[in-house]
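Just so we're aligned, residue 87 is where the sequence shown starts under the numbering used here, counting upward by one. Don't be surprised by glycine CBs; every beta carbon is placed ideally from N, CA and C. Fair warning: this is a prediction, and the values are worked out from it, not measured in the lab. Down below is the structure, laid out as structure tokens.
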Amino acid sequence: MNDDLHNIDDLFRKGIEGHEEDVPPSVWEAISNDLDKKQASYYKHKYYRVKRASVLLLLLCFLGGVYIIYKESPGRETNSSAHKKQVQTTKTTGRSTENGNPESSAANEESQPTNNGKREKEKTVTSDTVSSSALVPSPAPKATAAQPVENNQSTEVAATTKNQILLSKRLRVPITTAGIEPANNKQQENKLSIINQSVASKGNQPLRNKSFPAQNNLPQDASPSTSRLPLRNRDYATPTIDLKALQANDQSILPPKTVASKNKAKGPQGFSLSVFAAPNIGFDRLEDDDHLAGPGRNRLEAHKQEQKSFSFSAGLLLGYDLTKNLRLQSGISVTSSATTIAPMTVYAKPDASGRTRYELHCSSGDVYISPKGSVQPTLGDSSAKTSGTVSKLTYVSVPVALSYRLAMGKFSLSPGIGAGLNFLTSGKTKTGLSNTNGSESTSASITGLKSNYVDAHLGLGIEYSLGKKLSVGIKPTARLALTPINKETPVKSYQNFLSVETGVRIKL
């Protein structure tokens with residue numbers, strides 16, 4: 087034998103393959119007869135609509151979250167302001183880049199006298215646009231036998247004077263070159279080194295050294311011809327910087343400071359109080375219970391016999407602005423709805439406690455009616471007619487909603503989403519009962535109602551500002567029940583409303 091006798095599952099599967107039987111046609115006919123095609127189609131379309139609404143809601147929440155994160159991102163505003171500051175600084179300081187060596191050009195300009203005016207003009211333009219690194223003086227060449235020491239000293243003086251002129255043009259600050267002290271003055275060399283080191287370290291930033299005395303002398307011309315005078319015949323003075331002119335010049339060089347309070351988005355505005363009232367349009371969603379529904383006690387009969395008559399809501403909400411655009415609201419509201427039930431024949435049946443009373447079925451639950459007279463109905467052979475039956479439900483709700491505000495002048499749009507927990511406060515039915523003993527009006531409580539249910543809120547608020555603290559508006563709202571309002575009844579009822587809330591909002 088080639089079969090594996092230890093594989094019990096495989097042996098069992100092969101054994102039953104030869105004993106399969108086709109399902110008889112009578113089974114399929116029974117299933118087709120018992121199947122409610124309308125109900126199956128209803129559930130199919132219902133779940134399709136729920137899936138489509140869920141996808142749209144998730145997409146809307148995702149897009150809203152991306153937009154809020156992008157708009158409220160602090161890095162975006164910082165990058166934008168930094169880019170504007172850099173562009174403005176570049177335009178103000180007139181910064182430019184050159185590939186040549188500015189130090190060598192400045193030294194060549196002083197060491198070799200030029201007689202060509204065009205070449206002199208080009209060197210002047212180059213000196214104006216040179217970077218701050220050119221302000222550092224080049225080391226003077228060593229003296230040789232063919233070159234007198236006097237010429238070396240005059241070349242060094244010329245380079246130093248040229249750097250002073252470039253510094254004054256760069257900072258737009260007047261300096262003085264009258265009366266130059268000898269080159270061996272240590273104080274003059276130290277101060278020049280401080281200026282050059284400060285400029286070289288800070289690059290294009292303005293010089294902010296307040297250790298120099300202020301003088302109002304204008305810069306004097308330092309031409310190559312005058313710079314070649316013997317060192318012993320000239321005095322070198324320490325260049326001075328006018329601090330007042332430097333401070334005034336700083337305001338023109340530096341980019342204008344922006345006020346943080348104007349650029350930044352306004353913060354939370356605090357608390358606000360809203361009062362509203364709204365008429366409602368009810369459209370309950372009914373579902374049959376798989377175990378309790380039957381003839382005369384299903385959703386189709388409920389749709390035929392019942393009709394919504396009126397409904398209203400009113401409430402008080404406390405809001406808090408999380409940001410300039412996001413607002414969180416919660417409070418308390420009252421919702422009352424009434425349903426008219428068509429006349430019908432009711433029969434006497436025992437209730438949960440065993441007492442015989444007339445039983446009235448409705449979408450909210452079961453109503454057991456007791457006649458006011460001394461004669462009580464008997465089980466099975468007693469019936470009565472109802473007329474003018476109205477069932478009334480009252481709930482106290484605690485809603486929580488999050489809205490996003492889009493301002494357009496004095497008007498603003500506020501789409502929002504939220505949920506509410508609704509607590510039952512009253513559920514009664516009032517009807518006229520007619521039997522062999524006469525007619526009477528009676529009322530009874532509805533059995534089978536749950537103490538609470540949860541619903542979702544979708545709304546779009548439109549507000550108009552009357553002042554800094556007062557605004558009025560309207561808000562179309564849809565309230566969709568997520569859980570049924572009853573239990574252990576033939577029909578499960580989901581209470582839905584469409585309303586237009588009108589109210590006033592006051593900033594606290």
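Nearest Cα to residue 157 within the set 410, 417, 589, 591: 410. In the DSSP assignment, residue 542 falls within the unbroken beta strand (DSSP E) covering 538-551. One alpha carbon belongs to residue 493, the other to residue 546, and they sit about 13 Å apart.
For residue 387, the uninterrupted alpha helix (DSSP H) run begins and ends at 385-391, by DSSP.
For residue 368, the enclosing beta strand (DSSP E) stretches over residues 357-368.
Judged by DSSP secondary structure, residue 471 falls within the beta strand (DSSP E) whose first and last residues are 469-490.
If the five residues before and after residue 511 are omitted, its C-beta is found closer than 6 Å to the C-beta atoms of 480, 482, all from its own chain and listed in chain order. Approximately 6 Å separates the beta-carbon atoms of residue 496 and residue 550; this is inside 8 Å, confirming the contact. Cβ atoms of residue 366 and residue 419 stay farther apart than 8 Å, at about 11 Å.
The residue among 515, 376, 562 with its C-alpha nearest the C-alpha of residue 503 is 562. Secondary-structure assignment with DSSP links residue 507 through a beta bridge to 484, 540. Secondary structure of residue 376 (DSSP, three-state): coil. Secondary structure of residue 126 (DSSP, three-state): helix. Here residue 92 is not bridged, per DSSP, to any residue. Spatial neighbours of residue 586 in its own chain (CB-CB distance under 8 Å, excluding positions within 5 residues in sequence) are listed in chain order as 364, 365, 560, 561, 562, 563. Three or more pairs of CB atoms, one per stretch, sit closer than 8 Å, so the segment 565-578 contacts the segment 375-384.
Annotation for residue 401: 362, 417, 418, 419, 420 place their beta carbon closer than 7 Å to its own, counting only its chain and skipping 5 residues before and after.
The three-state reading of DSSP puts residue 455 in strand, counting E and B together. In terms of Cβ geometry, residue 449 and residue 374 do not form a close pair [threshold 8 Å].
A straight-line Cα-Cα distance of about 11 Å links residue 517 and residue 457. The continuous stretches of beta strand (DSSP E) do not include residue 522, and DSSP gives it neither H nor E.
For residue 548, the number of other beta carbons within 10 angstroms of its own is below 16, and it is reported as exposed. Looking at the DSSP output, residue 527 shares a beta bridge with 518. Cβ-Cβ separation between residue 390 and residue 431: approximately 14 Å, too far for a contact (criterion under 8 Å). In the three-state reduction of the DSSP assignment, residue 112 falls in the helix class, which pools H, G and I. Annotated as distal: residue 473 and residue 426, with beta-carbon spacing of 8 Å or more.
Around the Cβ of residue 155, a 10 Å sphere holds fewer than 16 other Cβ atoms; the residue is exposed. In this structure residue 505 is in contact with residue 542, their Cβ atoms being roughly 5 Å apart against a cut-off of 8 Å. Take residue 521, set aside five residues on each side of it, and the residues of its chain with a beta-carbon closer than 6 Å to its own are 470, in chain order. DSSP lists 548, 588 as the beta-bridge partner residues of residue 560.
In the structure shown, residue 101 adopts helical secondary structure according to DSSP, grouped into three states. Between residue 463 and residue 443, the C-beta spacing is below 8 Å.
It is roughly 6 Å from the alpha-carbon of residue 407 to the alpha-carbon of residue 356. In the three-state DSSP reduction, residue 439 falls in the coil class, being neither helix nor strand. Residue state for residue 578 is assigned as strand, using DSSP reduced to three classes.
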